[in-house]
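Novice:
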Amino acid sequence: MHILVIPSAYPTKEFPLSSIFYKEQSLAVKEAGNKVGVIFSETRRVSGMSYNMLRENHFQISSYDEDGLITYRLHGWNIFTMRGMLGINFWVKQSLSLFKEYIKKEGIPDIIHVHSALYGGLVAKEIKRKYGIPFIITEHSSSVLQGELRTHDIPILKEVYENANKIVSVGGALKNSIKNYTNNEVYVIPNIVDINRFSIVSSNKKRKEFTFISICHLKDNKNVDLTIKAFSEVLKVYKDSKLIVVGDGSEKSNLIEIAKNLNVIDKIEFVGAVSREKLNSYINKANAFVLPSKYETFGIAYIEALACGLPIITTKCGGPEDFFNEEIGYMIPVGDLKELEKAMIDVIKNINKFKGEYLREYVEDRFSKRIVSEKIIDIYNLVLNRDGELNEK
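Position one of the sequence shown corresponds to residue 15 (our numbering), numbered consecutively onward.
1) DSSP on Ser130, reduced to helix/strand/coil?
2) Which class does Leu31 belong to by DSSP, given the choice of helix, strand or coil?
3) Rounded to whole angstroms, what is the Cα-Cα separation between Glu38 and Asn205?
4) Taking the Cβ atom as the reference point for each residue, do Ile297 and Leu276 lie within a distance shorter than 8 Å?
5) Any contact of the stretch 321-341 with the stretch 50-63, i.e. 3+ C-beta pairs under 8 Å?
6) Starting from the C-beta of Val60, find all residues in its chain whose C-beta is less than 7 Å away, skip the five residues before and the five after it, and write them out in chain order.
7) Between the C-alpha atoms of Leu31 and Asp81, what's the straight-line distance to the nearest angstrom?
8) Along the alpha helix (DSSP H) that carries Glu310, what are the first and last residues, could you check?
9) Residues in the same chain with beta-carbon distance under 7 Å from Ala131, minus the five sequence neighbours each way, listed in chain order, please.
10) How should Ser387 be labelled, buried or exposed, when 16 other C-beta atoms within 10 angstroms of its C-beta is the threshold for buried?
11) Going by C-alpha distance, which of Lys189, Gln108, Tyr65 is nearest Ile75?
12) Which of the three DSSP states is assigned to Lys407 in this structure?
13) Taking buried to mean at least 16 other C-beta atoms within 10 Å of its own C-beta, is Lys180 buried or exposed?
14) So who's on the other strand from Phe94, going by DSSP bridges?
15) Would you kindly report the start and end of the unbroken beta strand (DSSP E) that includes Tyr78?
16) Is the separation between the beta-carbon of Ile17 and that of Ala138 shorter than 8 Å?
17) What first and last residue would you give for the alpha helix (DSSP H) that runs through Thr14?
18) To which residues does DSSP link Tyr201 through a beta bridge?
19) Could you give the residue range of the alpha helix (DSSP H) that holds Met358?
20) Which one of Ile272, Ala178, Met15 has the shortest CA to CA distance from Asn197?
21) Which class does Arg164 belong to by DSSP, given the choice of helix, strand or coil?
22) So, under 8 Å CB-CB, Gly121 and Val128 are touching, yes? Tell me the CB distance rounded to an integer number of Å.
23) If the criterion is Cβ atoms closer than 8 Å, does the pair Val260 and Leu320 meet it?
24) As an exercise, report each continuous alpha helix (DSSP H) stretch of at least 4 residues that is fully enclosed by the stretch 102-156, in chain order.
25) Roughly how many angstroms lie between the CA atoms of Glu70 and Thr57, to the nearest whole one?
26) Ignore the nearest five residues each way along the sequence and tell me which others in Ser156's own chain have a CB closer than 7 Å to its CB.
27) Once the 5 residues before and after Ala287 are set aside, which same chain residues still bring their CB inside 8 Å of it?
28) What does DSSP give as the partner residues of Met345 in its beta bridges?
Now the structure itself:
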């Protein structure tokens with residue numbers, strides 16, 4: 015079939031990892047034998063405007079073959095902030111212009127797949143009204159999970175959900191939050207993890223120094239400060255321990271200061287942001303993964319660690335409850351320093367009970383391209399009244 019993807023965010027030249035999992039899912043659907051296109055209206059901050067940037071991005075529409083995905087981009091600027099209806103409506107109008115260019119050359123799609131209702135859902139709703147093309151939404155938004163929406167976004171969200179032919183959530187907790195805005199049925203289908211990008215290098219883990227790793231955007235909701243505080247206590251019991259922190263963000267300088275104040279800075283390696291190509295090598299330097307987030311809609315970093323054969327320490331924060339069991343690590347209450355310290359000590363004591371190959375197979379059976387793309391295609395078939403039924407398990 016012919017699927018058109020309308021993401022509310024997407025990788026760009028400046029930010030190649032932005033919402034990369036939207037692209038990865040689209041590629042998996044294409045690899046299953048479908049024609050898949052993407053339209054995305056890029057918005058750049060006006061503060062970053064320069065002569066060279068304007069020469070490259072002057073609201074022109076260009077088409078590309080991006081790893082086999084037919085991709086139409088409008089290279090624009092955020093001249094109206096997306097915090098108000100003026101900016102939202104402007105973005106929707108640009109996206110509809112993209113759609114018209116797309117169908118001129120690529121034809122009418124059978125179905126539209128929106129990633130995150132705000133604001134790609136408004137574009138799909140208008141296309142459905144004018145052309146009768148059905149659309150589904152996969153919701154990823156932590157703002158929906160937390161109920162932290164701007165006042166004007168709530169009626170938009172309700173309207174989009176009511177007009178969608180099917181709604182998909184990447185996790186059970188997010189599904190429950192979505193139900194606050196619609197009476198429509200919500201399916202749960204997780205994000206894809208391309209485990210072919212990850213491998214188990216067991217020789218890297220056979221060392222005297224037990225190494226924890228944490229990979230995330232260094233923001234307040236990731237609770238990396240809690241990890242550092244717990245790690246400082248672990249060092250009192252296991253002096254030959256190390257913590258690797260991969261990622262960048264607004265909390266980085268604060269986290270470094272905490273590590274200095276606790277006199278553990280020499281036992282923590284702040285790596286900064288790394289490319290996806292290098293993630294595998296960093297994960298394989300560690301024995302266990304730890305991330306005590308305040309909330310997660312899914313939690314892809316945990317899955318990537320499991321794909322490298324690492325047990326995980328996570329929290330009851332939304333997404334991880336969907337896939338966690340005691341054979342893959344430890345789950346603690348959000349914000350509980352003592353429980354985090356205990357879990358980190360326990361994983362050192364019990365590391366031999368966690369079998370890397372089992373952890374990797376666990377991921378493959380639930381989050382591989384084949385498994386997830388089949389479920390997504392089943393949703394398309396349900397909408398288009400074709401044979402098939404969805405098995406969420």
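Note that beta-carbon positions come from the ideal geometry of N, C-alpha and C, so glycine has one too.
If you're wondering where the values come from, they're calculated on a predicted model, not measured in any experiment.
Specialist: Checking against the coordinates, here is how it stands:
1) coil
2) coil
3) Using only the alpha carbons, I get a separation of about 9 Å.
4) One thing to note: Ile297 has its Cβ no nearer than 8 Å to the Cβ of Leu276.
5) no
6) Trp91, Asn92, Ile93
7) 15 Å
8) Where Glu310 is concerned, there is no enclosing alpha helix (DSSP H), given that its DSSP letter is neither H nor E.
9) Close CB contacts of Ala131 within its chain, under the 7 Å cut and outside five residues either way in sequence, are with Ile151, Glu153, Leu171, Val174, Tyr175 (chain order).
10) buried
11) Gln108
12) Its pLDDT being 47, under 50, Lys407 is placed unreliably in this model, and the coordinates cannot settle the point.
13) Lys180 should be labelled buried.
14) In the DSSP assignment, Phe94 is bridged to no other residue.
15) 74-80
16) no
17) Only positions 15 to 407 of the chain appear in the structure, and residue 14 is not among them; the question remains open.
18) Residue pairing from DSSP places Tyr201 in a beta bridge opposite Val182.
19) Unbroken alpha helix (DSSP H) run through Met358: 351-363.
20) Ala178
21) coil
22) 19 Å between Cβ atoms; not a contact.
23) no
24) 131-145
25) Cα to Cα, the separation comes out at about 13 Å.
26) For Ser156, the CB contacts under 7 Å within the same chain, skipping 5 residues up- and downstream, are Tyr309, Thr311 in chain order.
27) Val260, Gly261, Asp262
28) The partner list for Met345 (beta bridge, DSSP) reads Thr328.
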